[in-house]
Each structure stands twice: as C-alpha cells, then as structure tokens.
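Residue numbers (our numbering), protein chains in the order written: chain A, 32 to 613; chain B, 4 to 286; chain C, 44 to 286.
Think of the CB as a built atom: it goes at the ideal place given N, C-alpha and C, for glycine as much as any other residue.
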Amino acid sequence: MSPAGRRVAAALAAAGIGLGALAAAGLPAFYESFLYLIFSWIALATSWAIFSGYAGYFSFGHGAFFGAGMYTTATLTTALDVPFLPTLLAAGGLAALLGAGVGAVVFRVKRLRGELFALLTLAVTFVLATIVLNTRIDGGPGVYLSAVPMPGLLASPTGTLYLLGLGLALATVGAAYAVAHSRLGLGLFAIHDDEDVAEVEGVPTFRYKLAAFALSAGIAGVAGGIHAMYVSYVTVGETFSITVPLYVVLMSVLGGARHWLGPAVGATLIGASLFAFTGGQQAILGRAVVALALILVILLLPEGVVPAALRRWRAWRPAAREAPASATPALVSDRQPGREAAALECHDVWKAFGGIQALRGVSLQVAPGEIVGLVGPNGSGKTTLINVASGHYAADRGRIALGAVTLAGRPAHAIAGLGVSRTYQIPRPFAHFTALENVALAATFGAARCSPPQARAEARRWLEFTGLGRRATALPHELNLHERKFLELARALAGRPRVILLDEVLSGLNPAEVAGAIRLIRQIHAGGVAILFVEHLMRAVLELAHRVVVLNEGEVIAEGRPHEAMRAPRVVEVYLGRTHVA
Amino acid sequence: MPSLTLLGQALVSGLLAGGIYGLLALGLSLSWGLLRLVNLAHFALALLGAYLTYQLGTAYHLSPWLAAAAIVPLFFLLGLGLHAVFTYFRVTEFTSLLVTFGLTVILESLIQWFWTADYRRYETPYATASARVGPLFIPALELLACLTAAVLSLATWAWLRFTYVGKALRASAEDPAMAAAFGVNHRVQGFLLSGVSATYAGIAGAFIALISTLAPSQIWAWVGVVFAVVIIGGLANPVGALLAGLLIGVSESVTMAVVTPAWAPLVAFSVLILILVARPERV
Amino acid sequence: MLLEVRGLAIAYGDAPAVWDASLDVDAGEIVAVIGPNGAGKSTLVNTIAGLQRARAGELRLGGVDLGGVPPHLVCRHGIALVPEGRRLFTRMSVEDNLDIGCYRGEARRARGETLERVYGLFPILRARRRQLAGSLSGGQQQMVAIGRALMARPRLLLLDEPSLGLAPAVVDAMFEIIRAIHAEGVAILLVEQNVARALDLAGRAYVLEEGRVVAGGPSAVLREQSRIQQAYLGLRDGDDPTP
C-alpha cells in the first residue's frame with residue numbers, strides 16, 4: 032500500500048475506534064440513532080458514487096438495491112428464521128446480483144445516453160416495488176421485524192445498529208478510496224470523461240462498469256438489510272420512495288461525486304441539516320430545502336464541495352517537484368520479448384453507414400518500419416478506415432490483422448492491447464486528467480500494461496519526448512491546440528504500439544508547428560513504430576511518406592511512392608478536374 | 004375469464020384513462036422532442052394545475068372552465084420562467100433532468116405544505132354525469148378530457164405541420180444554426196415551446212382535478228407511465244402521444260380486469276424499459 | 044462593391060482556421076474560392092453567412108457592417124447560404140424546407156412567385172414536394188438546398204461545395220442551373236474543391252491554402268498558374284503534373 036493509502040487506512044481505523052468507543056462508553060440512544068442514520072447515508076451515498084460518480088452514469092435506481100436488501104433481510108428473518116447478521120450477506124449478494132443483471136443488459140446498448148440510463152434505473156425501481164408489493168414478499172401489509180432477535184454487539188439495540196452502521200460506513204469509504212486508486216477506478220474516471228476513447232486506449236469498459244455497478248448495488252443492499260432492523264416495520268411505500276435516490280444524488284453531487292470522500296462529506300452536511308427539520312410539516316420543508324440545494328449545487332458548483340476546497344488548498348502549497356525523466360526514450364531497446372514488429376493488413380474491407388457505403392473493398396498494408404500516407408478528397412473514407420482498424424467500428428466485411436493476429440471483431444480495448452494506437456483529428460483528451468495522467472492511462476491499459484509507478488515514469492518519458500515535459504501537471508483546457516495534439520501523440524505512444532494511426536495530426540497548426548510535428552513523426556518512426564497517417568497537407572505527405580494510398584469514394588484509386596501516386600491520371604482528375612488531364 | 008361487459012367497460016375506461024395520459028404526454032413530448040430538455044417537473048406542474056383548479060373551485064367558487072381560463076396564462080408564464088432559468092445557466096439535456104428532478108420535489112413539498120397530504124376531491128355537479136351506451140357507462144367528465152386531448156393533439160399537429168411558426172420550431176430542433184441562417188430565432192422558439200408545454204400541463208391538471216382524487220404523491224404515479232407514452236408515441240409527435248396514451252391506457256385497464264389491479268403499473272414501466280434497451284435511438 | 048471582406052481571422056476555440064482573408068464580390072458577379080481540403084474555405088463562407096463569428100477583420104455587405112449582427116438577422120441583408128453537405132431539414136418535406144427559406148417577412152410575401160421560379164428551375168421537386176427531404180437522392184437534395192436559399196430572394200448566394208458527393212453528370216446539370224441563377228442577376232460566391240469546374244464557371248477566383256488567400260485574379264490567368272498544382276498535389280514549381 033502506498034504511504035498515502037496507509038495514512039487513509041490509519042485515519043479510518045482511528046475514526047472507527049474513536050466512534051466505536053464513544054458508543055461503548057454510553058451514548059444516549061437518541062444520538063446513537065441519529066449517528067446511525069448519518070452512517071447509513073454515508074454508506075449509501077459513497078456506494079452510489081463508486082459507480083455513478085466515478086463513471087458518470089447517474090443512476091436513479093439506488094433505491095432498488097437498497098430496497099432489495101431491506102426485503103431480503105426482512106423475508107429471511109421473518110419467514111425463514113435466519114439470524115440477522117448472516118442475512119446481511121444475502122442482502123448484499125442479492126442486490127449485487129440484481130445490479131449485475133441490470134448492468135449486463137443495459138451496458139450492452141452502445142452509448143446509452145445519460146438521461147436514458149437515469150430513467151431506466153428509475154423504472155427498474157418502480158417495477159421492483161410493484162413486484163414486491165404484489166407477491167408474498169410483502170403483499171401489501173408490510174413486514175414486521177420487531178420479533179427478530181437483535182445480535183448483542185452492544186448493550187442496547189440502537190448501539191448495535193450504530194456499530195453496524197459505523198462499520199459499513201468506514202468499509203464503504205475505504206472501498207471508495209481503494210477503487211479510486213486502483214486500475215478499476217482509473218478506468219471508471221476515463222469512462223466518465225470519454226468512454227469511446229477509454230475503450231480505444233485499452234480500458235475494458237463493459238467489464239469495469241459491470242463490476243463497479245455490482246459493487247455499488249451490493250453495498251446498498253447491505254445498508255438496506257441493516258436498515259430493515261432499524262425501522263423494524265418494512266413497507267413498500269417507504270422503502271421504494273423517492274427519498275433514497277434523491278438524497279444519494281444530492282449528497283454526492285454536493286460533496287463531490289468524483290472524490291472518494293465527497294459523498295461522505297455531503298452526507299454529513301445534509302444529514303446534520305435535516306436534523307434541524309424533524310416531524311410533520313417541517314419534514315416537508317426539509318425535503319424542499321434539500322431539493323433546492325440540489326438545484327443550486329448542480330447549477331453553480333457542479334464539481335462539489337470537496338474538490339473545490341482541495342483546489343483552494345493546493346493553490347496555497349507549492350507544487351511538489353518530481354524528478355525529471357531520464358534521457359532519450361528507448362522505443363526499440365525496451366521492446367518486450369515476443370512482441371516483434373508486425374505488419375498491419377487490411378484486406379477487402381467494406382463498411383456502410385445507413386445507406387452510405389463508406390468503404391468499398393479497401394485493401395492496404397503497413398509493413399513494419401513504413402510510413403504510409405492515406406490521402407483523398409472529402410468523404411473518401413479515410414477516417415472511417417482508421418476507425419475500423421482501431422476497433423471503433425466493426426467492419427461489415429473483410430480481414431484486418433496485425434501480423435498473424437486477426438483484429439476484426441475484437442473489442443477496441445483488445446486491439447489497443449495488441450499494439451494499435453490512434454490519434455483523433457480533433458484531440459480528445461480526458462478533460463479531468465492532467466497531461467501526465469492522460470498519458471499514464473495509456474501506459475497502464477495499453478500494450479505496455481505498466482504498474483502505476485511505472486506508468487507515471489513512462490508518461491513522463493513520452494511527455495518529454497513530445498516536448499510537453501513542463502506541462503505535465505496542466506489540464507487539457509489549459510493547453511493550446513498544438514500542445515493538445517502533441518498530448519494525443521504522447522498518449523498514443525505510451526501504449527507501446529507497433530502501429531500508430533494518425534488522423535490529420537497537422538490540421539490547424541501553423542507552418543512552424545507543422546515543421547516540428549514532422550520532425551517528431553520522423554523520430555517516432557526512427558524508434559521502430561510503423562505509421563499510417565491521414566493528411567490533407569500534401570507537402571507533408573510528400574516529405575514523410577514512403578508510400579501513399581489514395582482513396583476516393585471508399586475505393587483505393589492509386590498506390591505507390593508519393594510523387595508517382597500523386598501524378599497518376601486518376602488522382603489528378605479526382606483532385607483537379609478533368610481539364611487538367613491532357 | 005371476465006364477462007364481455009366487464010371487458011367492454013375495461014376497454015372504455017382504458018381509452019378514457021389513456022386520453023388523460025395522452026394529454027399529459029403532449030406537453031412533455033413537445034418540450035423533450037423539440038427543445039431537447041427533459042422536464043421531469045411537467046408532472047408536478049400538472050398536479051399544481053390540478054390543485055389550483057380545486058382551490059379556485061372550492062374556495063372561490065369559480066367554475067372549472069373559468070379556473071382553466073385563469074390557469075392557461077399563468078402556466079404559460081411559468082413555462083417562460085423555467086426556460087429562462089435553463090438558458091441562463093446553459094443547462095444541458097442531462098442536467099435538465101437533475102434540475103427538474105429537484106424542482107419536482109420542491110413543487111411537491113409546496114403542494115403538501117399548502118394543501119396537506121390529505122386526499123382532496125373536487126366535487127362538481129358534473130362528477131356523476133355519465134352517458135350510457137348499451138351496458139357500458141361512459142363518465143361525462145372523462146369523456147370530455149379524452150376529447151380535449153384529441154382536439155389539442157390534432158391542433159398541435161396542425162400547428163407544427165402547417166404554420167410558419169410550427170415549421171420553424173421543427174427546423175430549429177433539427178439544425179438550429181441553419182434555421183437561424185434563414186431568420187429563425189432559436190431563443191424565442193425555445194421560450195414559446197416551454198410556455199406552450201407548461202400550458203398543456205396546466206390544462207391536464209385541470210381535468211385531473213375534475214376526475215381524480217388529489218394527493219401530492221400522485222406526481223410519481225404518473226412519471227413512469229407518461230414517459231413510456233412519450234417514448235412509444237415518438238418525441239415531438241402530438242398524435243403519436245395521444246395514440247400511445249390510448250394504447251397504454253387500454254393495456255393497463257385490461258390487465259386490471261383480467262389479472263389483479265395491483266399489477267397494472269408494471270405494464271407501462273416494463274414497456275418503458277424494453278424500449279429504452281431495445282430502441283434507444285428512438286429517443 | 045456588394046461584399047467586402049477585409050483581413051478576416053477566424054478560429055475554433057484556440058485553433059485558428061483562417062488568417063487575414065480578404066476578398067470582394069461585386070453585384071452580379073460569380074467569384075470562386077478554391078483550395079485543398081482543410082484550407083478553411085467552409086469556415087470562411089460560414090462566417091460570411093453569419094453562422095460563425097470572426098475574431099478580427101471586417102465584413103461588409105452593401106456597405107453595411109455585418110460584424111455585430113446576430114446570426115438570425117444576417118439573412119435580412121440579402122445573403123443566403125447553401126451549406127456544405129446540404130444540411131437540409133431531413134425530417135421535413137421538400138416544400139417545408141423551401142418555406143423555411145422564405146421565413147423572413149419580405150421573402151414570405153413573395154412566396155408564391157419565388158416558389159414557381161424554383162419549381163421552374165427544378166421541375167422534379169414539384170413532383171416530390173410532399174416527400175421527406177431526407178429520402179431524396181444526393182442530387183435532388185442539392186436542388187432543395189439551392190431552392191431553399193433562392194426562396195430567400197438573396198442579393199448574394201453562397202454555395203459551399205455543391206458538387207460534393209454527386210455523380211459527374213448531375214454536377215454538370217447543377218452548374219448549368221447555377222449559371223441560370225446568375226443570369227437572373229444574383230451575385231454568387233462559390234466554394235469548390237473541383238478546380239476545373241470552378242474556373243469554368245467563375246469570372247474571378249481566390250486560392251485559399253492553409254487558412255490564407257495565396258492568390259487571386261481572373262480565372263483565365265489562374266488556370267495557368269502552377270500555384271494551384273502546388274496547393275492541391277503538393278508538387279513544387281518545376282514539377283510536371285502531367286504523366
């Protein structure tokens with residue numbers, strides 16, 4: 032565990048011991064009860080944020096998992112006389128299964144938009160509520176748990192619940208911290224910023240979303256199980272009401288949904304202020320105030336309290352100095368054994384979108400050590416070819432392979448892992464990641480598969496290589512276009528690709544910047560990476576490319592050395608019009 | 004197997020209930036389809052309209068028709084206000100869902116504050132009036148609601164289809180920049196739509212007051228059903244919203260007659276889930 | 044001078060697209076802007092049409108400064124755009140699209156007459172007036188786009204790559220129609236990738252390369268210059284483009 036991790040674990044343990052001792056020493060039942068509620072909200076909000084906050088898929092269905100857990104405990108203890116504590120395992124397990132089930136179906140839908148996912152999860156909650164209401168699980172009258180024996184962790188029932196709540200809250204916050212600093216968390220944060228790019232950089236998006244959603248649901252289930260004992264009378268109306276979904280969203284958004292401690296802070300703040308409104312008419316007012324707070328926070332402080340406070344604090348302290356990276360990056364000498372250079376081959380590739388045939392039987396090859404230029408008029412299919420080769424789209428027909436390994440049909444993250452990287456014409460960096468973190472992500476998930484410290488070292492190296500060494504801690508919106516383009520390059524390189532696909536890397540650069548970019552591309556090539564680049568700037572193509580492939584309307588119309596290919600009659604005709612051909 | 008009469012009555016009730024669904028869905032379909040903003044508060048607005056109609060009727064003895072006439076301009080203004088907030092904060096489609104979520108709770112709390120959670124019933128002389136067709140009863144107020152829904156749907160359809168403003172609305176929804184290149188002011192369009200949509204919510208509310216018993220929690224009962232109706236009928240499709248409403252209404256009521264009533268909510272929500280998963284591009 | 048553009052600089056965020064562009068179009072002229080892909084031609088035309096704001100420079104139509112005019116009011120001054128890729132309202136009928144063209148007051152009053160003229164130029168559209176614009180072929184969609192712009196009764200018509208994605212025969216017909224429109228007295232600024240056609244049609248042309256106007260003059264003169272070969276094919280002076 033890293034030093035920071037040890038500090039957090041120690042802090043959590045200290046909090047646990049301190050708060051636990053408080054109860055053992057004899058806290059009035061009223062306070063035990065109130066604090067239990069805060070702990071429960073901390074667990075609920077934090078578990079919600081582990082998926083929805085980190086990955087950006089706002090779920091309105093946390094109430095479904097909470098309710099599933101509540102009713103699991105209620106049913107097992109009353110109908111089957113299972114002792115209370117083991118039911119918590121079942122509650123968590125069932126809720127996690129439910130989450131995994133919903134996720135398995137829903138995440139298959141490509142790019143399900145945010146508000147649709149929210150509606151869907153809300154609908155799932157209502158469906159579950161109806162089912163529970165109409166079957167023997169509840170049937171209408173509700174379930175009474177007052178006869179269920181409470182384990183005697185502490186002298187009083189409220190004390191026991193207090194301890195259980197405390198334990199769950201600490202465990203959840205610990206889990207949130209652990210996830211945030213793991214590969215899973217890194218992948219989730221990337222998914223939040225740009226899921227397609229995350230997939231292309233090597234993040235297994237489906238698997239990660241499923242894992243996080245199931246974990247989030249499971250914790251909510253356990254919280255529900257505990258809560259069943261707290262209320263001791265479980266009804267559908269109260270369990271599946273809009274309260275849980277509303278409050279967890281608010282608490283997380285207020286505290287900071289992307290930060291592991293944010294929801295806990297939000298839960299404490301909201302919980303404490305709700306304390307001021309208890310009973311009857313006041314409760315109504317309390318809900319209205321909570322909702323108003325949600326609106327204000329979303330509109331005015333969208334990232335939340337904790338990140339805003341952290342930023343203020345960081346602006347105070349001087350930035351930590353990190354040692355500069357060692358000399359020249361060795362592309363060739365570091366090459367992993369068994370990853371020899373291989374040719375990228377596209378054979379007879381077809382791709383249509385709706386009624387438009389974008390690629391008609393395109394065949395081309397990029398041999399190891401080659402720089403191939405891909406040119407052609409607007410709409411000729413150049414970017415489509417790159418999208419298909421990198422796995423962004425699936426080809427309708429045709430073979431795409433890297434050496435002996437077929438690429439077609441594999442998910443984009445697997446293709447990245449095999450050694451194919453790409454850049455985007457309009458740079459798409461992860462907006463909340465610094466330049467260093469952007470590149471480190473590619474090093475972590477790409478073909479190189481580095482561990483976190485290795486990834487950071489790699490990232491530094493590539494940033495130095497592209498001349499962005501001094502901008503390592505900058506966020507993408509603080510970089511100008513030229514720097515963002517080079518960041519794309521660094522990120523593509525950090526994946527240790529065997530082939531790099533560049534999509535109009537020079538567009539928008541002034542002549543001096545273009546010259547610098549050309550130099551850089553030459554250096555990349557010198558390091559042993561094959562390059563396929565799409566470009567409109569003809570003089571750059573002529574300078575850089577060993578071979579040129581000319582596309583028009585989805586077909587290859589010419590191929591060969593640049594000067595020859597650009598003089599082919601068909602090419603001249605396509606670019607300049609008939610009268611130029613004698 | 005229930006009798007034919009029972010089924011027939013279920014069909015009638017379903018159609019009439021479906022009319023209300025359609026009326027509620029109309030405004031939401033317009034704003035979501037043409038403005039690309041999800042207004043969850045649409046339901047709360049409708050219920051507010053219902054309570055206002057009730058209040059004007061019981062406390063001030065205004066006939067429902069006069070009450071409705073007062074509500075229309077008020078709700079138009081509310082719609083304008085909401086859109087002003089949206090444009091000032093540059094709210095996106097997803098953020099609008101969260102903001103209106105909060106707004107719904109605020110409105111629900113306000114309603115509960117003023118009118119308490121007790122059930123309210125607006126007693127009017129027309130409440131018991133009903134026509135008889137063979138063995139079937141057709142309650143007059145619900146029939147009127149259904150007819151109003153049909154008239155408004157068709158009128159809206161015609162407005163969008165044949166008038167310059169309607170065409171401008173449709174064009175602006177698809178490509179605001181190009182529409183602007185020909186003189187369409189996207190901002191004004193947005194305010195107009197928001198106002199109209201809120202007005203429809205108010206009118207739906209007026210009928211709800213006349214037909215059902217009111218309780219603040221009813222807002223959430225409508226949400227799933229009406230979203231399902233909007234999505235099935237197609238966004239920005241006024242006639243589609245009505246037809247989808249009728250379809251869902253009939254499915255629910257037949258389910259209620261054949262199976263137990265408590266399962267009815269499942270119909271709409273399940274359809275909603277199916278469509279969101281199977282055909283998300285429709286939305 | 045109808046259209047005067049002086050020193051226009053346009054950027055997308057911080058990515059500059061056009062530097063210091065200047066051009067003129069006089070009433071009743073056809074002027075072409077040619078240049079390779081990515082040169083900034085569409086950006087320039089979109090800015091003249093009011094879809095985008097320029098960072099610096101002047102834009103005058105008929106002596107009126109268009110700099111501060113909000114996007115939806117630009118067409119009042121007599122400009123109509125046929126954008127790259129047509130950008131029709133695909134979910135609306137052909138006639139609805141044309142109606143949007145004459146949305147603003149004056150044009151709306153003359154709707155009947157203008158519509159007849161448009162259907163006269165494009166008889167096939169009359170037959171398909173109720174069809175959804177999105178279901179038409181590429182060439183027909185281009186006709187709708189041009190018709191939509193004509194409904195606005197402009198003084199200056201901006202055409203952005205009208206031949207894009209169309210079969211050569213269709214393009215021939217298109218350019219004949221553009222000639223006919225010009226004959227009725229409308230000034231035309233034509234952006235075209237296809238150099239031959241552009242120079243055949245226009246009396247004058249400007250060459251845009253990497254965001255700058257690098258050459259300009261009568262078409263007959265430009266046709267001979269190697270500047271164009273350089274820009275498009277990357278060949279240097281002295282390189283012979285013919286095989």
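Worksheet item: In chain order, what residues of the same chain have a beta carbon less than 8 angstroms from the beta carbon of Y455 of chain A, not counting five sequence neighbours either side?
Response: V228, E519 and D534
Worksheet item: Between the segment 229–242 of chain A and the segment 443–450 of chain A, are three or more C-beta pairs nearer than 8 angstroms?
Response: yes
Practice prompt. Please list, in chain order, all residues of the same chain as G36 of chain B whose beta carbon is under 6 angstroms from its beta carbon, the five residues on each side excluded.
Written response: L238 and A239
Discussion item. By the 8 angstroms beta-carbon criterion, what residues does the segment 161–181 of chain B contribute toward chain C?
Written reply: Y167, K170, A171, R173, A174, E177, D178, A180 and M181
Item to complete: Note down, in chain order, all residues in the segment 159–174 of chain A with a beta-carbon under 7 angstroms from any beta-carbon belonging to chain B.
Response: T161, L164 and N165
Discussion item. Comparing C-alpha positions only, which one of B:A231, B:S99, B:L195 and B:A87 sits nearest to L172 of chain B?
Written reply: B:L195
Item to complete: Would you mind reading off the limits of the alpha helix (DSSP H) that contains W160 of chain B?
Response: A143 to F165
Discussion item. Suppose the cutoff is 8 angstroms on Cβ atoms and the five residues either side in sequence are ignored; what does the same chain contact list for Y251 of chain B look like?
Written reply: First, the residue type needs correcting, since residue 251 of chain B is Ile and not Tyr in the sequence shown. If we look at I251 of chain B and ignore the five residues flanking it on each side, its Cβ neighbours are G21, Y24, V228, A231, V232, I235, V270, A271 and V274.
Worksheet item: Of all the residues that make up the segment 131–159 of chain C, which are near chain B by a beta-carbon distance shorter than 9 angstroms?
Response: L131, F132, T133, R134, M135, D139, N140, D142, I143, G144, C145, Y146, R147, G148, A150 and R151
Worksheet item: Taking all protein chains shown into account, do 16 or more other C-beta atoms lie within 10 angstroms of the C-beta of K141 of chain A, making it buried, or fewer, making it exposed?
Response: exposed
Discussion item. I want to verify the contact list: residues of chain C whose CB lies under 8 angstroms from the CB of N409 of chain A, in sequence order.
Written reply: N80, E204, L207 and Q236
Worksheet item: Hey, is V117 of chain C's beta-carbon within less than 9 angstroms of any beta-carbon in chain B?
Response: yes
Worksheet item: With C-beta atoms as the reference, is Q174 of chain C less than 9 angstroms away from S206 of chain C?
Response: no
Worksheet item: In whole angstroms, what separates the C-alpha of G56 of chain C from that of A462 of chain A?
Response: 15 angstroms
Item to complete: Look at V174 of chain A and T106 of chain A and say whether their C-beta atoms are less than 9 angstroms apart.
Response: yes
Item to complete: Please name the residue, chosen from C:R196, C:R96 and C:G106, that lies closest to R147 of chain C on a Cα-to-Cα basis.
Response: C:R196
Practice prompt. State buried or exposed for F104 of chain B, treating a residue as buried only when at least 16 other CB atoms are found within 10 Å of its CB.
Written response: buried
Item to complete: Give the secondary structure of F230 of chain B by DSSP, where H, G and I count as helix, E and B as strand, and everything else as coil.
Response: helix
Worksheet item: At least one CB of chain B closer than 9 angstroms to the CB of A154 of chain A: is that the case?
Response: yes
Item to complete: Mind checking the segment 124–150 of chain B against chain A and listing, in chain order, the residues whose C-beta falls within less than 8 angstroms of any C-beta there?
Response: none
Worksheet item: Less than 9 angstroms separating the beta-carbons of S394 of chain A and V579 of chain A?
Response: no
Discussion item. Below 9 angstroms on C-beta distance, what does H567 of chain A contact in chain C?
Written reply: P79, N80, G81 and A82
Worksheet entry | C-beta neighbour in chain A for E101 of chain C, strict 9 angstroms | no
Practice prompt. Can you tell me which of the three DSSP states F132 of chain C falls into?
Written response: coil
Practice prompt. Give a yes or no on whether 9 angstroms exceeds the smallest Cβ distance from P59 of chain C to chain A.
Written response: yes
Practice prompt. Report the three-state DSSP secondary structure of E519 of chain A (helix, strand or coil).
Written response: helix
Discussion item. Buried or exposed, going by whether 16 or more other CB atoms sit within 10 Å of the CB of F306 of chain A?
Written reply: exposed
Worksheet item: Looking at the unbroken beta strand (DSSP E) that takes in R550 of chain A, where does it start and where does it end?
Response: Run containing R550 of chain A: none in the beta strand (DSSP E); it sits in the alpha helix (DSSP H), P542 to A557.
Worksheet item: Using a C-beta cutoff of 9 angstroms, does L330 of chain A count as contacting chain B?
Response: yes
Item to complete: May I ask which residues mark the beginning and end of the alpha helix (DSSP H) holding A207 of chain B?
Response: H189 to I214
Item to complete: Taking only the alpha-carbon atoms, compute the straight-line gap between A75 of chain C and P507 of chain A and give it to the nearest angstrom.
Response: 38 angstroms
Worksheet entry | Exposure label - A60 of chain C; buried when at least 16 CB within 10 Å | buried
Discussion item. Measuring only the C-alpha atoms, how far is L51 of chain C from A373 of chain A?
Written reply: 48 angstroms
Worksheet entry | Three CB pairs or more closer than 8 angstroms across the segment 69–81 of chain B and the segment 241–260 of chain A | no
Fill in: Per DSSP, cross-strand counterpart(s) of L202 of chain C
C:V125 and C:L233
Worksheet item: For S482 of chain A versus V530 of chain A, is the C-beta distance shorter than 9 angstroms?
Response: no
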